Amino acid sequence: MPTKPLTLRLYHLAVATSIFTSASVHAVDEFVYTVQVGDHPWNIAQRYLKDTSFAQQLTRLNRITNDRRVPPGTQLRIPAPWLKLQSTRIRVLAAHGQAMVEQSGKPVRAAVAGEELPTRAQLRTGPGSSVLLEFDDGSRVMMRQASELRLVQSDRRLLDGGFMVELELIRGGLENMVTPLHRAPATRFEIRTPAAVAAVRGTRFRVHADDQTAWTEVLDGAVQVDNAAGGVRANAGFGTIAQVGRAPEPPRSLLAAPDLSGLPERLERLPVNWPLAPVPGAVAYRSQVAPDTRFETLLSDELTPQARIRITDIEDGDFVLRVRATDADG
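The opening residue of the sequence shown carries number 739 in the working numbering; numbering runs sequentially from there.
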C-alpha cells in the first residue's frame, strides 16, 4: 500500500456493547387529549380520527355519559390506531458507496443525496457504505454498511402535530437520533427487527439485528424493549439483547471508551493497524471514520477482534475517528 497523508482529529466516544429488542408490545399505544370548550366525541372524531364512527368507541372507552357535552379540561384516552395521519417526507441527506433503493415495480437504483423516498421503499448498503435519512421532525437515521431497511411509516398526527415513524431493520445496523421529548409534541419512533420491536420518544441509540437477535446501545434518553416473553427499559449508558422467543436480558452498562490519547494526529501510511490498551470485557473494537464530528457519512467502518484501530483504505484529507469496544454479545 503506498504512503498516504492522513490526518485524523480524534473523537473520543464512550460506547461498546449491545442492546435491545422485542417482538410485540404488550399495550396498545395511546395518546391523551385535553378537551377544549365546545369539544365532544363527534367533533373530535371528525377533526382528529380516521372516521367519525370512532366517536362511539371514544365515548365507551372514556365512559362519557353525555356525548354532546364534555367538561373542558377532561382528559380523553385515544388509541394510536384511531388517529388521522398525514404523510410526511423522508429525505436522503447523504449516500456513500453502494447505497441502493428498491421500490415496487421499479428497477433497483442508487440512492441520491437530496431525494425524497416514499414509505414501502427498501434500502440496502454494501461493504464500506452508508446512508443518512432525515424525517420531517428532524430525527435522523444512519444505515451502516451491509444493512437492509424498509421504510414502513412516516406520518404526522393531526391530533397534536407529533410524528409517527416506523422502520423495519431486516439486517445490519442503524444509528438513530430521535427528536428529544422536550421538543413537544414528541415523535413516536419505532424500529422493528426479526427478533424485536423498540419504541422510543426522543433519544439517541444504536440498533443492530440479524434474523434471530437484536442488540441496542442507549446513548441518551431511554428505550423500552418488549416482546411476548417480557420487557425491560434501557437507560442512557446501558444496553440489552433479545433473541426470538426469549425475554430481553436485564440492561447492563456499556463498556468504557477506549483510550485514544496515544494515537498521533497525523497518520501517513495505510492500512492503519494501531494498538490500543485493552478495555476490560471487550472482545472486539469498531473503528469509524467520518468527514466531521457529526458522523453523518461513514467513510470507513471496521471491526477487529484485537485491541487495535483498523483503517484499510481512505482518501487523503482531514477526518474524524471514533472507536468503541464491543463485548461478547456484540
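We put the beta carbon where it would ideally sit given N, CA and C, even for glycine. Values in this document were obtained by computation on a predicted structure and should not be read as measured data.
Backbone CA spacing between residue i and residue j [nearest angstrom]
i     : j     : result
R1046 : A994  : 15 Å
G910  : A952  : 10 Å
N785  : Y771  : Looking at the sequence itself, residue 785 is Arg, so the reference to Asn does not match. The alpha-carbon atoms of R785 and Y771 are separated by roughly 12 Å.
V1061 : T954  : 17 Å
P865  : Q1044 : 20 Å
L1036 : D789  : 45 Å
V916  : G876  : 8 Å
L1041 : L896  : 44 Å
H834  : P817  : 40 Å
V779  : A974  : Strictly speaking, residue 779 in this sequence is Pro, with Val absent from that position. Near 39 Å, if we compare the C-alpha coordinates of A974 and P779.
Q836  : G983  : 34 Å
T1064 : N965  : 24 Å
S1038 : L796  : 52 Å
E987  : D805  : 46 Å
R990  : P1018 : 14 Å
D1054 : P819  : 51 Å
P1002 : V830  : 34 Å
P845  : T803  : 56 Å
T863  : G1000 : 33 Å
S867  : A884  : 7 Å
Q981  : L992  : 19 Å
L855  : R801  : 42 Å
E1006 : D1056 : 12 Å
Y749  : D874  : For Y749, the predicted structure reports a pLDDT of 39, less than 50, and the residue's modelled location is therefore unreliable. A value from the coordinates is still provided. In a straight line, the C-alpha of Y749 is about 29 Å away from that of D874.
V956  : P1016 : 22 Å
Residue from the options with nearest C-alpha to residue i
i     : options                  : result
G843  : A832, A849, A859, R829   : A859
R815  : F769, Q836, G776, N781   : F769
A947  : I908, R939, P809, G852   : I908
A960  : A966, D893, G969, R942   : R942
A793  : I782, I1049, R801        : I782
L821  : F873, R984, D767         : D767
D889  : R1007, A1066, E872       : According to the sequence displayed, residue 889 carries Leu and not Asp. Looking at the Cα atoms, E872 is the closest of the given residues.
P996  : N914, L1014, E1053       : L1014
E840  : I802, R878, L887         : L887
D777  : S999, R807, R930         : R807
L1070 : V945, A985, I1049, S892  : Residue 1070 lies beyond the residue range present for the chain, which begins at 739 and ends at 1068; the question has no answer from this structure.
M880  : N914, A851, S892         : N914
V869  : T857, R801, V850         : V850
D1067 : D893, E1034, V1021       : V1021
D898  : E1006, I979, V773, R930  : V773
P918  : Y1023, V963, D958        : D958
R1048 : V963, L1008, P809, R1032 : L1008
Burial state of residue i, where buried means 16 or more other Cβ atoms lie within 10 Å
i     : result
Q950  : exposed
R882  : buried
Q1026 : buried
N1011 : exposed
R847  : exposed
D1051 : exposed
L1059 : buried
A832  : buried
A972  : buried
G977  : buried
S791  : exposed
S760  : Note on S760: pLDDT 27, under 50, position unreliable in the model; the coordinate value appears next. So S760 ends up on the buried side.
T812  : exposed
V775  : exposed
Endpoints, alpha helix (DSSP H) assigned at residue i
i    : result
Q795 : 792–799
W780 : 779–786
Enclosing beta strand (DSSP E) for residue i [first to last residue]
i     : result
S825  : 823–825
G977  : 976–981
D1039 : 1038–1042
Q883  : Premise fails: Q883 is in no beta strand (DSSP E) and is neither H nor E.
S1025 : 1022–1028
D958  : 951–958
Q860  : 860–863
T812  : No beta strand (DSSP E) holds T812; DSSP gives it neither H nor E.
L870  : 868–873
A936  : 934–938
V945  : 942–947
D898  : Careful: D898 lies outside any beta strand (DSSP E) and carries neither H nor E.
L1005 : 1004–1007
N1011 : 1010–1013
P1049 : In the sequence as displayed, the identity of residue 1049 is Ile instead of Pro. Taken as a continuous stretch (DSSP letters only), the beta strand (DSSP E) holding I1049 covers 1046–1049.
T772  : 768–772
R1065 : According to the sequence shown, residue 1065 is Asp rather than Arg. Segment: none, D1065 is in no beta strand (DSSP E) and carries neither H nor E.
N973  : 968–973
V916  : It is not in any beta strand (DSSP E) - V916 carries neither H nor E in the DSSP assignment.
T931  : 926–931
Cβ of residue i within 7 Å of any chain D Cβ
i    : result
Q841 : Included in the structure is just one protein chain, with no chain D present.
Counting pairs of beta carbons, one from the stretch 897–910 and one from the stretch 925–936, are three or more of them closer than 8 Å?
yes
Between the stretch 815–828 and the stretch 927–938, do at least 3 Cβ pairs fall closer than 8 Å?
no
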